[in-house]
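Report on the structure given below.
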Amino acid sequence: MVKKKTAKFLAFRYKILALIFVILAGGLVLLPKYEKHEGIKSEELLSNIISPERYISTDKLAHKLINQDPSYLLIDVRDEESYTKYTLPNAVNIPLAKLLDEDFEMFLNQKQYNVVLFSNDNFYADQAWVLCNRLGYKNLNVLKGGINQWYKTIINPEKPLENMPAEAFELYTFRKAASMYFGVAYPEQYKTATVAKKEPAKKVITVKKKKKAPAEGGC
Amino acid sequence: MGPLIPNGVIPAEWDSIIAILIGIVFGFVLEASGFSSSRKLAGVFYGYDFAVLKVFFTAALVSLIGMYYMDYLGYVDITQMYVHPTYLWGAIVGGVIMGAGFVAGGFCPGTSLCAVAIGKIDAIVYVVGIMIGVFIFSELYFLFQPIYEGSFMGNVTLVDSFGVNPYWFIFIFTIVGILLFAISDKIRAKVKKIFY
Amino acid sequence: MKELEKTKRISIASTLFILIILIAVLSYKRPKHLYKANSKITLEKMISNDYFVSLDEINNPDYVLIDVRSQFEFEKGHLENALNIYAPEILSDDNTAVFEELKEKNKTAILYGKNPNDVNAPFMLLYQLGYDNLKILTVENSYNENKLITKNTEIEKSVADVNAFIAESIKKASINSDKEVVVKKVVKKVITVKKKKKAPAEGGC
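Chains as they are written, first to last, in my numbering: chain D, 804 to 1022; chain L, 84 to 279; chain A, 977 to 1181.
Below, the structure written as structure tokens:
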């Protein structure tokens, strides 16, 4: 008896399957729509934002530049005018307004370099960083304090006072040497010997374009 | 999260291995559902068996609906999906030639290989024919090139080219598909039964 | 009987199909906070620079001050009538409710912190979540003998002309010595990265 019933029910099986299809397709039409989430979750973004991990100090950057660390790529997010006026050695100019241009994506969304974003302060660089971080770009850093801090610590380091600890003097010596490397000349430099002023080499950077090879298929 | 390979969840080096696995399963299912029989395949054109039409249409519908559900729920990003580029006239001419070959030979390229695997002689002849066709095409490529590469429309889908809401499109497409199944059933009932 | 055998397969397949969809739907967790502004819109807002408020403009009845520093700092000293929402907790339910309420009442929330850099990132996050009634107070807060001192500052002001400073230093140095400055040029370094190109695999039925 039961078998007969199920057989009767199952006689309609194709109609039932068709109905399921229509219901599922109709469900897609009726489902509430919302703005597509672009990038990482907002909670994750918040925890990235408040962590100071992204900052790189001017001292560390100077050290990397002097040692010509090839894994560092500097990106200047200021406008072109300020960029031509003064920028850090070998920096690439990506004005903030053009940050999301496709041409620049290969600099920002890559795995080869540690990218250091900088501007006059770290305000605009931070904004660029937040936007890129939301899109899930990795290996991005921000120069803490930007060019202003760079000027204050590396280009024109403050001489420590007599009563300061030895570390302060050590830091000062490093910064002074660094400033010489970046083109600042000191009077005493010439009393001892003519120290060559090194001009930092302009680095030509070619970043490979990330190309997703599409998987083709048919039928 | 998905698609898995472009997003690096599965390394791209696994491409070929996964392709082989999917190919094995695909071939098995084709053979298991009787698609290695040229009579069954040709039935679509003579109206006594619509299994091919139903199977491929159902597969398209299931994957389409499933994909859009996964996209809606955030498991897959549909914009990252690979869309085959459209060369309009090339597709039309190629489709007509393939259709003619399908009726005449009773196989489509995939099922012919499937039938070769179970040792059907007509399928072996068919595959040799395919190879000869490939050879002629490659040798005379300079003649066919304008039509082969002409009228390129980019990687577009029907949704893109009509500019309609994809969800409504799927809904209408589903209903059209089901109507097609019903009509094909009616036709089959009218046509004289053939046993094969 | 044969008919029943056939249906078994179909019903198993369809049950599985529906089951998978059900599991997918049920296991789906909708993100609590959804972005309302996409990256492009956000970037346009950021470069428009119309979201700054200076200290003398805050006496507007439509403005509500929000302090994003920690509670400790807040209690040490804060601007008058300011609310305290610590930046790391900005997405908690209570706090988003505050922003939601301000948005409904058409009031503008003025964020401030130790300096503008401090509020920058929280501001951007909130903006992307759709709270467009926000502004940044361009002030710097410091303490002098435990009293809060708030000063206006300028965003991204260049403090010095570095090139001029370097040129000056070279000039000064060369006055002191009559030796010439030798400029050594370092050879250009070219970094090339190999292009990895994969041939797309073609397939067909």
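We put the beta carbon where it would ideally sit given N, CA and C, even for glycine.
Let's test the definition: count the other Cβ atoms within 10 Å of the Cβ of L:W172 and tell me whether it reaches 16, buried, or not, exposed. Looking at its Cβ environment, which holds fewer than 16 other Cβ atoms inside 10 Å, L:W172 is exposed.
Have a look at L:H167, L:L226, L:N248, L:R271 and flag the residue whose alpha-carbon is nearest the alpha-carbon of D:G829. Taking the Cα of D:G829 as reference, the smallest distance to any Cα among L:H167, L:L226, L:N248, L:R271 is reached at L:N248.
Verify whether the separation of the beta carbon atoms of D:N925 and D:K955 is less than 7 Å. Taking 7 Å as the Cβ cut-off, D:N925 and D:K955 do not qualify as a contacting pair.
Where L:L156 sits in the DSSP three-state scheme: DSSP places L:L156 in coil when its eight states are reduced to three.
When the distance is taken between beta carbons, is L:F235 closer than 7 Å to L:Y165? No, the Cβ-Cβ distance between L:Y165 and L:F235 is not below 7 Å.
Taking the straight line between their C-alpha atoms, what separation do you get for L:G110 and L:A142? Rounded to whole angstroms, the separation of the alpha carbons of L:A142 and L:G110 is 15 Å.
Go ahead and label D:D904 buried or exposed: buried means 16 or more other beta carbons lie within 10 angstroms of its beta carbon, across all protein chains shown. D:D904 comes out exposed.
Output, in sequence order along the chain, the residues in the region 895-929 of chain D whose CB is closer than 8 Å to any CB in chain L. Correct list: empty, as no residue qualifies.
Could you have a look at A:A1085 and say whether DSSP puts it in helix, strand or coil? Residue state, collapsed to three classes: strand.
For the putative contact between A:Y1027 and A:I1131, defined by C-beta atoms under 8 Å, what is the C-beta separation to the nearest angstrom? Not a contact, Cβ separation roughly 10 Å.
Does L:N248 come out as helix, strand or coil in the three-state DSSP assignment? The DSSP-derived three-state label of L:N248 is coil.
Other residues of its chain near L:K275: CB distance less than 8 Å, five sequence neighbours each side excluded: A distance below 8 Å between beta-carbons, with the five flanking residues on each side excluded, links L:K275 to the following residues of its chain, in chain order: Y131.
CB contact below 7 Å: L:V196 versus chain A: For clarity, residue 196 of chain L is Leu in the given sequence; the question names Val instead. Among the CB atoms of chain A, none fall inside 7 Å of the CB of L:L196.
Contact criterion: CB-CB distance below 7 Å. Does A:Y1011 meet it with respect to chain L? For A:Y1011, the answer is no, since every Cβ of chain L falls outside 7 Å of its Cβ.
Determine the burial state of A:T991: buried for a count of at least 16 other Cβ atoms within 10 Å of its Cβ, exposed for fewer. Around the beta carbon of A:T991, fewer than 16 other beta carbons lie within 10 angstroms, which makes this residue exposed.
Cβ of A:S1024 less than 7 Å from any chain D Cβ? False, the Cβ-Cβ gap to chain D never drops below 7 Å.
Step through the CB atoms of chain D and report whether any lies within less than 7 Å of the CB of A:A1085. Under the Cβ distance rule, A:A1085 does not count among the residues neighbouring chain D, no pair being separated by less than 7 Å.
Which residue wins for smallest C-alpha separation from D:D882, given the options D:D872, D:S874, D:A894, D:A900? For the residues D:D872, D:S874, D:A894, D:A900, the minimum Cα distance to D:D882 belongs to D:A900.
How about D:T995: is its C-beta nearer than 7 Å to some C-beta of chain A? Because D:T995 sits at a pLDDT of 47, beneath the cut-off of 50, its placement in the model cannot be relied upon, and the following sentence gives the value as read from the coordinates. Interface residue (Cβ-Cβ distance to chain A less than 7 Å): D:T995 is not classified as such.
Could you list which residues in chain A have their beta carbon closer than 7 Å to that of D:G986, in chain order? D:G986 reaches chain A at I1142, counting residues in chain order whose Cβ is nearer than 7 Å.
Could you tell me which residues DSSP pairs with D:I859 in its beta bridges? Partner residues in the beta bridge of D:I859, as assigned by DSSP, are D:L946.
List the residues of chain L that A:I997 touches, going by C-beta distances under 8 Å, in chain order. Correct list: G149, Y152.
Can you say whether L:P229 is buried or exposed, counting buried as having 16 or more other CB atoms within 10 angstroms of its CB? Label assigned to L:P229: exposed.
Since D:L876 is in the beta strand (DSSP E), which residue starts that stretch and which ends it? Judged by DSSP secondary structure, D:L876 falls within the beta strand (DSSP E) whose first and last residues are 875-879.
Please classify A:M1100 as buried or exposed, where buried requires at least 16 other C-beta atoms within 10 Å of its C-beta. Residue environment: A:M1100 is assigned as buried (16 or more neighbouring CB atoms within 10 Å of its CB, all protein chains considered).
Does the beta carbon of A:A989 come closer than 7 Å to any beta carbon on chain D? No, no contact with chain D.
By DSSP, does D:Y975 sit in helix, in strand, or in coil? If DSSP states are grouped into helix, strand and coil, D:Y975 belongs with the helices.
Rounded to a whole number of angstroms, what is the C-alpha to C-alpha distance between D:T809 and A:I988? Taking the straight line joining both Cα atoms gives about 15 Å.
Nonlocal neighbours in the same chain, by C-beta distance under 6 Å from D:L891, ignoring five residues either side: The answer, listed in chain order, is L877.
Quick one: what does DSSP say A:D1043 is sitting in, helix, strand or coil? In the structure shown, A:D1043 sits in a strand (DSSP, three-state: E or B).
At which residue ranges does the region 195-224 of chain L contain complete alpha helix (DSSP H) runs of 4 or more residues, listed in the order of the chain? Qualifying alpha helix (DSSP H) stretches, in chain order: 204-222.
With a threshold of 7 Å between beta carbons, is D:F815 in contact with chain L? Between D:F815 and chain L, the shortest Cβ-Cβ separation is not below 7 Å.
When the Cα atoms are used, what is the spatial distance from L:A102 to D:I869? One C-alpha to the other measures close to 49 Å.
Establish whether the CB of D:F824 and some CB of chain L are separated by less than 7 Å. Residue contact check for D:F824 against chain L: a CB pair falls below 7 Å.
Measure the beta-carbon distance from L:I148 to D:L831 and round it to whole angstroms, keeping in mind my assumption that it falls under 8 Å. Contact between L:I148 and D:L831 holds, with the beta-carbon distance rounding to 7 Å and staying under 8 Å.
Only counting the same chain, and skipping five residues up and downstream in sequence, which positions put a Cβ closer than 8 Å to that of D:N923? In its chain, beyond the 5 residues on either side, R881, S885, G949, I950, N951 have a beta carbon closer than 8 Å to the beta carbon of D:N923.
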